[in-house]
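Participant: Residue numbers (full-length UniProt numbering): 1 to 298. Cβ atoms here follow ideal geometry from the backbone N, Cα and C, with glycine treated the same way. These numbers come from a predicted model, not from an experiment.
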Amino acid sequence: MHPSAYIRSGWNLLDFVIVIVLFSVVAEMGEEHKPGDAHHAAGKPGGLDVKALRAFRVLRPLRLVSGVPLQIVLNSIMKAMVPLLHIGLLVMFVIIIYAIIGLELFIGRMHKTCFYVGTLYVDDDPTPCAFAGNGRFCVGNNTDCRGGWEGPNGGITNFDNIFFAMLTVFQCITMEGWTDVLYWMNDAIGFELPWIYFVSLVIFGSFFVLNLVLGVLSEFSKEREKAVCRGELQKAQEKQQMEQDMVGYMDWLIEAEDMDEDGNKAVVAKKKMMKKYGWYKHSEDGGILKLIYIYIYV
1 MHPSAYIRSG WNLLDFVIVI VLFSVVAEMG EEHKPGDAHH AAGKPGGLDV KALRAFRVLR
61 PLRLVSGVPL QIVLNSIMKA MVPLLHIGLL VMFVIIIYAI IGLELFIGRM HKTCFYVGTL
121 YVDDDPTPCA FAGNGRFCVG NNTDCRGGWE GPNGGITNFD NIFFAMLTVF QCITMEGWTD
181 VLYWMNDAIG FELPWIYFVS LVIFGSFFVL NLVLGVLSEF SKEREKAVCR GELQKAQEKQ
241 QMEQDMVGYM DWLIEAEDMD EDGNKAVVAK KKMMKKYGWY KHSEDGGILK LIYIYIYV
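1. Short of 6 Å in beta carbon distance, which residues of its chain neighbour methionine 259, apart from the five on each side in sequence? Order them along the chain.
2. Step through the CB atoms of chain D and report whether any lies within less than 8 Å of the CB of tyrosine 249.
3. Between which residues of its own chain and tryptophan 149 is the CB-CB distance below 7 Å, once the five residues before and five after are set aside?
4. Can you give the Cα-Cα distance for glutamine 241 and arginine 230, rounded to whole angstroms?
5. Assuming contact is defined by CB atoms lying nearer than 8 Å, are aspartate 160 and isoleucine 107 in contact in what I supplied?
6. For the alpha helix (DSSP H) that contains glycine 147, what are its first and last residues?
7. Among residues of its own chain, excluding the 5 on either side of glutamate 261, which ones have a beta-carbon nearer than 7 Å to its beta-carbon?
8. By how many angstroms is the C-alpha of alanine 80 removed from the C-alpha of leucine 212?
9. So what's threonine 174 in DSSP terms, helix, strand or just coil?
10. What whole-angstrom Cβ distance do arginine 136 and phenylalanine 115 have, given they're in contact under 8 Å?
11. Closest by CA to serine 9, which one among Val26, Asn75 and Leu214?
12. Since phenylalanine 115 is in the beta strand (DSSP E), which residue starts that stretch and which ends it?
13. Straight-line CA distance for valine 216 to aspartate 144?
14. For alanine 41, does the three-state DSSP call read helix, strand or coil?
15. Quick check on the burial criterion: 16 or more other C-beta atoms within 10 angstroms. Buried or exposed for tyrosine 6?
16. With DSSP run on the structure shown, which of helix, strand or coil describes valine 19?
17. Taking the alpha helix (DSSP H) that serine 200 belongs to, which residues open and close that run?
18. Would you call tryptophan 184 buried or exposed, if buried means 16 or more other Cβ atoms sit within 10 Å of its Cβ?
19. Provide the residue span of the alpha helix (DSSP H) that contains glutamate 104, from first to last.
20. According to DSSP, what are the bridge partners of valine 122?
21. What is the C-beta distance between alanine 165 and leucine 84, in whole angstroms, given that I count them as a contact (C-beta under 8 Å)?
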């Protein structure tokens, strides 16, 4: 294939595959509903499962990826995979450090809540409580604080082991319900340590570390756009240089004219020709061959 072949571009190849798959789906659907033919079992005309081919219709939105803006974004993401891996390791390091700190401070603190006295039924709106200290106490409603509760969010929000601790820290970094976790921990042990722990986690982990991902993607997107602009500028410079070369070559051809009867060079002919056909050097698709063609046959 020559360098400008259609299939050499990965985006064109993706578009080609999607179109071929869609045409095959349309063809098989036409065979399925062909009048006068016997119906095949399980939607398999001729032994081919049409329903399986129909599943490829979900590839149609991928054609939008062939657009230039989306190409820039996806190329930026692919080019930024190595820096993103480094940032991912940094995020994992922060999560592990805070999960270990949470294990030391909050292990087993999320499993006490208010039970009705003499029963195993919890309060209508169960939240963690504390036996003593600065946590929440069970007041009224004939309830007392006891252990044995599974914990908030079905028992997955806790610091009982490293895995649940990492999951809870990740939830806080994404800022999805981190205030609920903070208030639950306040109810369990008091106000001092949870505020320091969770506020520092959100400021450092969410505002700084996670935003590095957006910064890397934004920087690579800008670099990609700069590369496209540099390519267009280089093409414009090459075109301008070509036009200058054409003008110089035409000057050389005219200077090689035979002398006229009076012994003077054909300056008048040169001026007339350049005045008549000089606009070709400003045309979008003008070239040396056009100018030579005009010069020879004029």
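Facilitator: Short version:
1. Since pLDDT at methionine 259 reaches only 46, below the 50 mark, its modelled position is unreliable, and no value is offered.
2. Absent here is chain D; the protein component of the structure consists of one chain.
3. Excluding residues up to 5 positions away in sequence, His111, Lys112, Thr113, Val122 and Pro126 lie with their Cβ nearer than 7 Å to the Cβ of tryptophan 149 in the same chain.
4. Rounded to whole angstroms, the separation of the alpha carbons of arginine 230 and glutamine 241 is 16 Å.
5. Result yes, Cβ atoms of aspartate 160 and isoleucine 107 sit closer than 8 Å.
6. No alpha helix (DSSP H) holds glycine 147; the beta strand (DSSP E) holding it covers 143 to 147.
7. Any reading at glutamate 261 needs caution, since the residue's pLDDT is 45, under 50, leaving its predicted position unreliable; the model's value is listed next. Counting only Cβ-Cβ distances below 7 Å, and skipping sequence neighbours, we find nothing.
8. Cα-Cα distance, rounded: 12 Å.
9. Note: threonine 174 maps to coil in three-state DSSP.
10. Rounded to the nearest angstrom, the Cβ distance from arginine 136 to phenylalanine 115 is 14 Å, too far for a contact under 8 Å.
11. Considering only alpha carbons, the answer is Asn75.
12. Unbroken beta strand (DSSP E) run through phenylalanine 115: 112 to 116.
13. Here the C-alpha atom of valine 216 lies approximately 52 Å from the C-alpha atom of aspartate 144.
14. Note that alanine 41 scores 46 on pLDDT, short of 50, meaning its location in the model is unreliable and no value can be drawn from it.
15. The residue is exposed, with fewer than 16 neighbouring Cβ atoms inside 10 Å.
16. The answer is helix: DSSP assigns valine 19 an H, G or I state.
17. 192 to 201 is the span of the alpha helix (DSSP H), which, as asked, contains serine 200.
18. The residue in question, tryptophan 184, is buried, as its Cβ has 16 or more Cβ neighbours within 10 Å.
19. Per DSSP, glutamate 104 is one residue of the alpha helix (DSSP H) stretching across 81 to 106.
20. Phe115.
21. Contact doesn't hold; Cβ gap of about 25 Å is too wide.
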